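**Q**
2 protein chains.
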Amino acid sequence: MGKKIVIIGGVAAGPKSACRVKRLMPDAEVTIIDQDNLISYGGCGIPYYVSGDVSDEKELRNTSFHMTRDEAFFLKAKGVTAKTNTRALSIDRKEKLVLVEDITSGTQESIPYDNLVITTGARPNVLPIPGADLDGVFTISDLHKAIAIKERIAKGEVSRVVVIGGGAIGIEMAEAFTDLWGIETTILEFMPQIMPRLVDWDFAKMLETHLQESGVTVFTGEAASAIEGKDGKVCRVVTPKRTLEADLVVMAVGVRARSELAQAAGLLVSPMGNIVVNERLQTSDPNIYAAGDCIEVKNIITGKGSIAPMGSLANREGRIVGDNLAGIPTKYKGWIGSFIMKAFEHSIAATGLSLDAALAEGFAAAAVTTAQSDRAHFFPTQAVIPLRIIFDTKTRKVLGCQGFGPMSDAVLARIDAAAAIIGQGGTIDDLSQLEMAYAPPFATALDALNATANVADNLAAGRLRYVSTREFLNWMDDFASQPDWVALDLRHSNEAGSFVEKYTKEKWLSVPYIEIRDRYQELPKDKTMLIICDAGTRSSEIQIVLDHFGLTNNLVLGGGFNLIRRMGVAWWPN
Amino acid sequence: MGKKIVIIGGVAAGPKSACRVKRLMPDAEVTIIDQDNLISYGGCGIPYYVSGDVSDEKELRNTSFHMTRDEAFFLKAKGVTAKTNTRALSIDRKEKLVLVEDITSGTQESIPYDNLVITTGARPNVLPIPGADLDGVFTISDLHKAIAIKERIAKGEVSRVVVIGGGAIGIEMAEAFTDLWGIETTILEFMPQIMPRLVDWDFAKMLETHLQESGVTVFTGEAASAIEGKDGKVCRVVTPKRTLEADLVVMAVGVRARSELAQAAGLLVSPMGNIVVNERLQTSDPNIYAAGDCIEVKNIITGKGSIAPMGSLANREGRIVGDNLAGIPTKYKGWIGSFIMKAFEHSIAATGLSLDAALAEGFAAAAVTTAQSDRAHFFPTQAVIPLRIIFDTKTRKVLGCQGFGPMSDAVLARIDAAAAIIGQGGTIDDLSQLEMAYAPPFATALDALNATANVADNLAAGRLRYVSTREFLNWMDDFASQPDWVALDLRHSNEAGSFVEKYTKEKWLSVPYIEIRDRYQELPKDKTMLIICDAGTRSSEIQIVLDHFGLTNNLVLGGGFNLIRRMGVAWWPN
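So, in structure tokens, the structure goes:
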């Protein structure tokens, strides 16, 4: 007989480990245990099932060749036994037994293993606020919750939703409610920006503006303090600032590892509750492996361990566990944090660390932002894709990259390419010379990502001085804060005209890019000029020209008005 | 006064060098010389100008902020003098002078330089066949030719075009003629496949089939032996096999460096006629730099020098020349050969070496091909993107990657990511662990590129035995050639049924994937089974299962019928 392998947890990492090891050791006896009756589904597809893009939950459990991944499928196709509705109660490491209980019948049995794999995943956090247990308050923990939500919507029971948490899942769910169902949806985010830590403030702001434009109400810096109901059913969400009516509340405030079983078995677990594994994904008991949302994995950039609850990583890790179970010593290098998200007509993506995260980690980090075209500017479908590179000014290593653009794969392409460079420990010079594929329908001759790396190079070399969008916006809100600042607007005078009119010639100088060399003597020597154009490119050039003419008291608005316009400001002249 | 820099050649690398050095050394005196009156245009945009996607040739000369890059623009915006209609006649390296002639007036003058930059580009090859000089025979050498072609079309003078050369430019032009103008267009390619050396046969075949479906006639392995005309105007193209009527002929059969000026000045030029430069893009005279289509640059993968005539590289090289002119010792690592091309409703792209090229270079190369979804298979817009990875079986280094898919950026994303790995000298393991961004609207949890790297890993480890698409197709054309081969079709029986009917139960076995473990005993032991499914994934699994049951005489059809269907075959049952 072959090796006995028992896997606890039947979604993503678990089935992947099972199938991989069966392919490498066809005579292994592999058993998957799961307390649910639905297994091996694409959990990341839940928002698209709720929205209706995916009509049937079965599609989330189907293979690409339209077979449903149920118990019979695993047995017939993979030779793997899947025991559903079966809860693992405890692990006897000495005897190598897992005690399980059939949830329906209550029958218990001990299943022997040579190797055990723990892929118990994560559970959603529930805020400790009054009303969190009311009927109609959901976390997005499994497919059953998704089915229940969609049923309520289909029955017409839901006209107002409050989503607590402005991370990826909260936003994807908000889109699902709003886009197809026309439900009045509000996102509450406790932090000062949505997608905190994932992207920096500028990118979060562009996304937030697009969400608002698309009909989602977003409140940042605002926590839910209570959920109120009537007859046990949710009615409203209370914050320190307002009360929001709601027939349904989604709580999407992060997850934590399900590691109780591992902990009870005496396996090493991190202070945060994540199962500790080595590079081969072995726990502190070498016969027991773990993978997916329940483990602590090393971030390649910071070298620190943390939970990394992403379906893409769970699948990678599952394969690595399968290899090691079969005696192939594959190692997991760690993760960097690549993600992408659809939000209505836009996409947002990032890889590596945000500037905030990089600074918090102690890197000598800096960031540059551009707002250039995704394809040749003469190609009809071209669009602006703001990109940001975060890098270490000492080592020149790329630490992170963020992108925002239309709903296409344009941002994906740049983020995947940057992820490859970051994963290989590459520098901004590597990113500058990265030979991206070019033709006018797909890119610019010097790709926007290369160009952004070049801007990073200029910044690193001291050839560029920036004003951040945040500082600029603060100034626009309160001119008194920086009395000696003036805008130097390089755009065509018909674009700059309304700004000069609104903000006066004292605060807003209009000198078109092409005329600077002839007219620089008109410019003030006693003021700090904030140089503005659409993409930031002309501004950077003109900074050098002005410096050359001795007018060195100037700063470039990186990413220019292409960025500001997407962030949305109240002060834009009509 | 600043350094005197003279640049010969006003498209791509030349203007880029000029602008970069002016940004680094604002007091440099920079002069661009060009024999043309149009400079700094996006030559890669010519097919889109001819097609009408780009309405005015000026758009190819405009900046993203809608200013035309003419002499006045360079002077006012960049502080660079552009002398157009001016031909460089000779270089006096001792006196550091360039002798130039005003083409209109015939006046000559000597322009002194401290540094010279040669960016003279390449000229299209003209086949030495009768009639190549007839009116109506065009090469795509500059914007004037494009304007002339479009004028003829607009006047209604063109109803049939023959494009000689099935490389990227030939195909892009063929699309331009066919798509908007409805011109009857034929491509003649001398080699046995279109895009020779750029992609392998399978990918060329998928593209060719799509071209044919889109109305372009393609003949491969067929050379133009003569062009015939009447009253000096082209009428037809003659091949050894047929005569093709034509009002217009495009000759797109490669380019060679314009290096006569450099050669006459005694600069080192390769046997192929490319200007030899070092990593800082200095010629054999350290005061003279060269960049763009006229130079020989090192291929990072092969270590060999060659011409690399691509607009994307010219721009990168121009920047590096600018750096070095200003005393920043930036080095050019070399090129790998990334490209992408739109062809009607599809895109095709590659980076690095094709399998053919890798084998010809002496690598112990192997290739795997997959045909998986670009996004989650349950997401409505998902499509199959065949991907191929070429790798070195000894070092596991990735040598190349090819992709074919719908007209989106899906293929771009995978090729750019692979280009990053190849440029960094990465292995198939790096590609397997490359953390690509995931969400169902953009990718599969394990991206198609990661999955292809995993297949490469399986092949490298001896866990996979292939039949190539070519061998398979040969067999389908002639069953007698392999009398002991049978197909083992794993698809649903309703898909396989018509094949069994057409090819008989002796040659075509239908056993659905899910039933193999129950029915393997029905399978023949004395035959070589070619295992077939849609994507190749199920086949690979079943190979392992059959091997385990002792039925080891079997081969997987990599990429499966997803690939075959796109390649187009006459034998598909109705």
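Top to bottom, those sequences are chains A and B.
The opening residue of the first sequence carries number 1 in the UniProt record's numbering; numbering runs sequentially from there.
The opening residue of the second sequence carries number 1 in the UniProt record's numbering; numbering runs sequentially from there.
Glycine is no exception: its CB is placed at the ideal position from the N, C-alpha and C atoms.
No experiment lies behind these values; they were computed from the predicted model shown.
Taking V335(B) as the query, report the chain A residues whose CB atoms sit under 7 Å from its CB, ordered along the chain.
**A** Position check: residue 335(B) holds Trp in this sequence, whereas Val was assumed. The contacting residues are E435.
**Q** Apart from the five residues on each side of it in sequence, which residues of its chain come closer than 7 Å, Cβ to Cβ, to R319(B)?
**A** Around R319(B): K16 and R20.
**Q** Going by alpha carbons, who is nearest to I531(B) out of A443(B), Y513(B), W201(B) and N115(B)?
**A** When only C-alpha atoms are compared, the closest one is Y513(B).
**Q** Could you give the distance in angstroms between the alpha-carbon of D457(A) and the alpha-carbon of L557(A)?
**A** Going from the Cα of D457(A) to the Cα of L557(A) covers about 17 Å.
**Q** Would you call the segment 493-509 of chain B and the segment 416-432 of chain B in contact, with 3 or more CB pairs under 8 Å?
**A** Short answer: they don't touch.
**Q** For the 8 Å Cβ check, are there 3 or more pairs between the segment 553-573 of chain A and the segment 392-402 of chain A?
**A** Touching, no.
**Q** Does the segment 329-342 of chain A come close enough to the segment 274-287 of chain A that 3 or more CB-CB pairs lie under 8 Å?
**A** Contact between the segment 274-287 of chain A and the segment 329-342 of chain A is present, because at least three Cβ pairs lie under 8 Å.
**Q** Go ahead and label L24(A) buried or exposed: buried means 16 or more other beta carbons lie within 10 angstroms of its beta carbon, across all protein chains shown.
**A** The residue is buried, with at least 16 neighbouring Cβ atoms inside 10 Å.
**Q** If I'm right that I227(A) touches G322(A) with Cβ under 8 Å, what's the distance once you round it to whole angstroms?
**A** 43 Å between Cβ atoms; not a contact.
**Q** Can you tell me where the alpha helix (DSSP H) with residue 578(A) in it begins and where it stops?
**A** With chain A covering 1 to 574 only, the question about residue 578(A) has no answer from this structure.
**Q** Ordered along the chain, which non-local residues of its own chain (more than five positions away) have a Cβ less than 6 Å from that of V98(A)?
**A** Answer for V98(A): V6, A88, I91 and I111, listed in chain order.
**Q** Roughly how many angstroms lie between the CA atoms of R565(B) and T469(B), to the nearest whole one?
**A** So the alpha carbons of these two residues sit roughly 11 Å apart.
**Q** Tell me whether C533(B) sits in a helix, a strand or coil according to DSSP, three-state version.
**A** In the structure shown, C533(B) sits in coil (DSSP, three-state: anything other than H, G, I, E or B).
**Q** Kindly indicate if chain B contains any beta-carbon less than 7 Å away from that of V21(A).
**A** False, the Cβ-Cβ gap to chain B never drops below 7 Å.
**Q** Counting only beta-carbon atoms, is M341(A) nearer than 7 Å to chain B?
**A** Yes, its Cβ sits closer than 7 Å to a Cβ of chain B.
**Q** For G136(A), would you say it is in contact with chain E, using Cβ-to-Cβ distances shorter than 7 Å as the test?
**A** Here the protein chains are A and B, and chain E is not one of them.
**Q** Where does F561(B) fall in DSSP's three states?
**A** In the structure shown, F561(B) sits in a helix (DSSP, three-state: H, G or I).
**Q** Out of E172(A), E184(A), Y503(A) and Q35(A), state which residue places its alpha-carbon closest to the alpha-carbon of T104(A).
**A** The shortest Cα separation from T104(A) among E172(A), E184(A), Y503(A) and Q35(A) belongs to Q35(A).
**Q** Using only CA atoms, which one of A265(B), D409(B) and E245(B) lies nearest to I118(B)?
**A** Answer by Cα proximity: A265(B).
**Q** State yes or no: is the C-beta of L198(B) within less than 7 Å of the C-beta of F219(B)?
**A** For L198(B) and F219(B), no; Cβs fall outside 7 Å.
**Q** Say whether chain B places a C-beta atom closer than 7 Å to the C-beta of F203(A).
**A** Chain B contact via Cβ: absent.
**Q** Within 10 angstroms of its Cβ, does L268(B) collect 16 or more other Cβ (buried), or is it exposed?
**A** That one is exposed.
**Q** Would A383(B) pass as a contact of D374(B) if the rule is Cβ separation under 7 Å?
**A** Cβ distance < 7 Å, so A383(B) and D374(B) count as in contact.
**Q** Tell me, please, which residues DSSP counts as bridged to H346(A).
**A** For H346(A), which the question treats as bridged, DSSP gives the partners A343(A) and P406(A).
**Q** Along chain A, in chain order, which residues have C-beta atoms closer than 9 Å to that of Y466(B)?
**A** Neighbours of Y466(B) on chain A: none; closest Cβ ~16 Å, over 9 Å.
**Q** Under a Cβ-count criterion, where at least 16 other Cβ atoms within 10 Å of its own Cβ denotes burial, should D526(A) be classed as buried or exposed?
**A** By the neighbour-count rule (16 or more Cβ atoms within 10 Å), D526(A) is not buried but exposed.
**Q** Please go through the same chain and pick out, in chain order, the residues whose beta-carbon is closer than 8 Å to the beta-carbon of A419(B), but skip the five residues on each side of it.
**A** Closer than 8 Å at the Cβ level, and outside the excluded window around A419(B), lie I336, S338, T351, G352 and C401.
**Q** Tell me where the alpha helix (DSSP H) around K505(B) begins and ends.
**A** S493 to K507 is the extent of the alpha helix (DSSP H) around K505(B).
**Q** Is there a C-beta anywhere in chain B that falls below 7 Å from the one on V255(A)?
**A** No, V255(A) lies away from the interface with chain B (no Cβ there is under 7 Å from its Cβ).
**Q** Please tell me whether G405(A) and S312(A) are closer than 7 Å, where the distance is taken between their beta carbons.
**A** No.
**Q** Out of V11(A), W201(A) and A246(A), state which residue places its alpha-carbon closest to the alpha-carbon of E184(A).
**A** The residue with the shortest Cα to Cα distance from E184(A) is A246(A).
**Q** To test your reading of the DSSP string, which unbroken alpha helix (DSSP H) runs of 4 or more residues are found completely within the segment 248-306 of chain B?
**A** Segments of the alpha helix (DSSP H) lying fully in the segment 248-306 of chain B: 260-264.
**Q** I'd like the list of long-range same chain contacts for D547(A), defined as Cβ closer than 8 Å, with 5 residues on each side in sequence excluded.
**A** Excluding positions up to five away in sequence, the list reads N554.
**Q** Would you report the Cα separation of A204(A) and T186(A), rounded to the nearest angstrom?
**A** Each residue's alpha carbon lies about 16 Å from the other.
**Q** At a cut-off of 6 Å, would you count I390(B) as near the ligand SAM, judging by its Cβ distance to the nearest heavy atom?
**A** Within the structure as shown, the ligand SAM is missing, as the structure has no ligands at all.
**Q** For H548(A), go through chain B and note every residue whose CB falls closer than 8 Å to its CB, in chain order.
**A** The contacting residues are P26 and D27.
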